[in-house]
Each structure stands twice: as C-alpha cells, then as structure tokens.
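In the working numbering, the protein residues as written are 29 to 291. A short write-up of the structure that comes next.
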Amino acid sequence: MGLMKKLAAIIGLALVGLSIANVEFGALMGLDPPQKVILSRIADPGCNADEIQKDLDSGDLNACVTTPGVWEAPDLLLLAEGCLMFFASFLRWPRKGRWALRIRKIAIVAGVILCSIALADRFDRLPGTSSDDLAALLPFPAPGIAVQIGLFGLGIFLIRGPKYRIHFDKKKDKENKRDYSTQELDLAYKRGGDLGSLSNSRKLKGMAKYKTVRDLWSHQGLSSYEDAFEGGMRDNFHTSVGRTCHLCNGEGCNGCANTGFLS
C-alpha cells in the first residue's frame, strides 16, 4: 500500500470516528450535558463551546446543537465519505485487460456528466436542485461555488484517467494468434501434411479443426479455383519416386527390374 492510500485510510477512519463520536456520544465539544453538534452550522457566529455552554446552563435552546443519537443527512454523508475513503484504499483497479477498458470508459462518461452538471449549475441552467441545496447536505459549511468547483474538479480527474498506461492489446492478440496459425500451416507442408499443434483432440474452431492439409483443401473447395497448370502440379502420391537408372537411361533393364528408375 502506497503512502497516499495509507493517508486516505487514516483520514477515512478519522471521519468515521468523528461522525460516530459526535452523533452517538456528543463528544465533539465536551459540553455538559453532551450534545451533538450540527456540523453544517459549526462556522456560524456563536457556535463555539463557550456560547453553547452558556445557553445550556441558562436552559435556552441553541441552534448549533441537538440531542445525541439523531442521525441526519450530513452525519450520514460524513460517515459514508469516511467508509468510502477507507475501503477504497484497499482496492486495486485493473490496469490491463477488458475490465480496465470498461472502467476507463465509465470514468470518462461520469467525468463528462459531472463537468456538465457543474457548468450548468454555474450558469443557472440546472433544473430542480442547485449547488446551494447540495452544500446544505455537506457535513461542513461550504458555499455553493465550492460545490461547483468540487464537481468540476472531480469530473476532470475522472476524464484525465490514471497515470499508468492501459494496455489495449485485444486486437494485437488476435493478430498474433492469426500469424501463428499461418506459420503453423506453412510448416505443415514441410511435414508432409501434418498440421502439428493446430490439430487437437477437442473440438476447435477455425483452422485448428483440420487434421491435415488435405482436409483443409477439400473442405474449402480450393481445387475449383485451380487452372490447368496448377491442377497438373498436384499428385496423388500413388507412384514411387526415384532416380533414372544409369544403366539403361530409363528404358528398362534387369538392373532396374524394367522400371527405368532406381528407388
């Protein structure tokens, strides 16, 4: 695990501990009695430990705190952010293969969507909710422009992609396999028609299902494309091949058993 992943895991655990300690135990400010601090109001005037304690001592209500044990949207969001940062530090994204390509495409689409939402909200073209409404859900005080910048920055990060190079070798692998099969087929002619490793006991597709060159030739019907010259070059191998008899010059004698050649 790298330094950045370790730092992300530590920050994630800190956010989870902060949200649980604040909501369940009211231990964020050390008030008496313990109170849960509303994180979205923590930057408001008067939301400090001294002012809140004075209101509690006098029996007045303070808008910055509430009863412990009540989970609200900002608290759940802070807890989810902490869990996401912690568990994401243990993930290892694929760097090559089909899944790497799929994740890269999804990241580009998500990045374009986030950038479009940020720009549309900046120019007041976003229907329904706005960045101000989203800022109210954050567990910390933030203006609407900060939400827009955050969405746009996250979109650019997703579009930019990882620092490593994703190996798009799917087409290259197919070409290599095709070239290898062609080389094996060429070598089959030198081996007397045996296709070697291209033949297999299991059912295969393509060139590998042929046992010999003759099977491939017959199945493809290549003899119909031959001209007279090419057809005359083929032999059924029923006759034996040998050198011309040096005694009779091919006319036949007792030395070659009247065949005209010596095997």
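Using N, Cα and C, we set each Cβ at its ideal position, and we do this for glycine too. Please read all numbers here as calculations on a predicted model, not as lab measurements.
*For the segment 116 to 158, list the alpha helix (DSSP H) runs that are entirely contained and at least 4 residues long, ordered along the chain.*
Entirely contained in the segment 116 to 158, the alpha helix (DSSP H) runs reaching 4 residues are, in chain order, 126 to 150.
*Confirm, please, whether the CB-CB distance from residue 159 to residue 152 is below 8 Å.*
For residue 152 and residue 159, no; Cβs fall outside 8 Å.
*asked:* For residue 42 and residue 53, I'd like the C-alpha separation in whole angstroms.
replied: The straight-line gap from Cα to Cα measures roughly 15 Å.
*Does the beta-carbon distance from residue 67 to residue 102 come in below 8 Å?*
With respect to the 8 Å criterion, residue 67 and residue 102 are classified as neighbours on the basis of their beta carbons.
*Using three-state DSSP, classify residue 210 as helix, strand or coil.*
Reduced to three states, the DSSP call for residue 210 is helix.
*At what residues does the alpha helix (DSSP H) containing residue 51 begin and finish?*
31 to 53 is the extent of the alpha helix (DSSP H) around residue 51.
*Select from 163, 183, 184 the residue whose C-alpha is nearest the C-alpha of residue 174.*
Ranked by Cα distance from residue 174, the options 163, 183, 184 are led by 163.
*Are the C-beta atoms of residue 125 and some chain B residue less than 8 Å apart?*
Among the protein chains of the structure shown there is no chain B, as only one such chain exists.
*Are residue 59 and residue 49 touching if we call contact CB-CB under 8 Å?*
In this structure, residue 49 does not lie closer than 8 Å to residue 59 by Cβ.
*Measure the CB-CB distance between residue 189 and residue 146 and report whether it falls below 8 Å.*
In this structure, residue 146 does not lie closer than 8 Å to residue 189 by Cβ.
*asked:* Nearest by alpha-carbon distance to residue 140: which of 132, 186, 176, 98 is it?
replied: Taking residue 140 as reference, the option from 132, 186, 176, 98 with the minimal CA-CA separation is 186.
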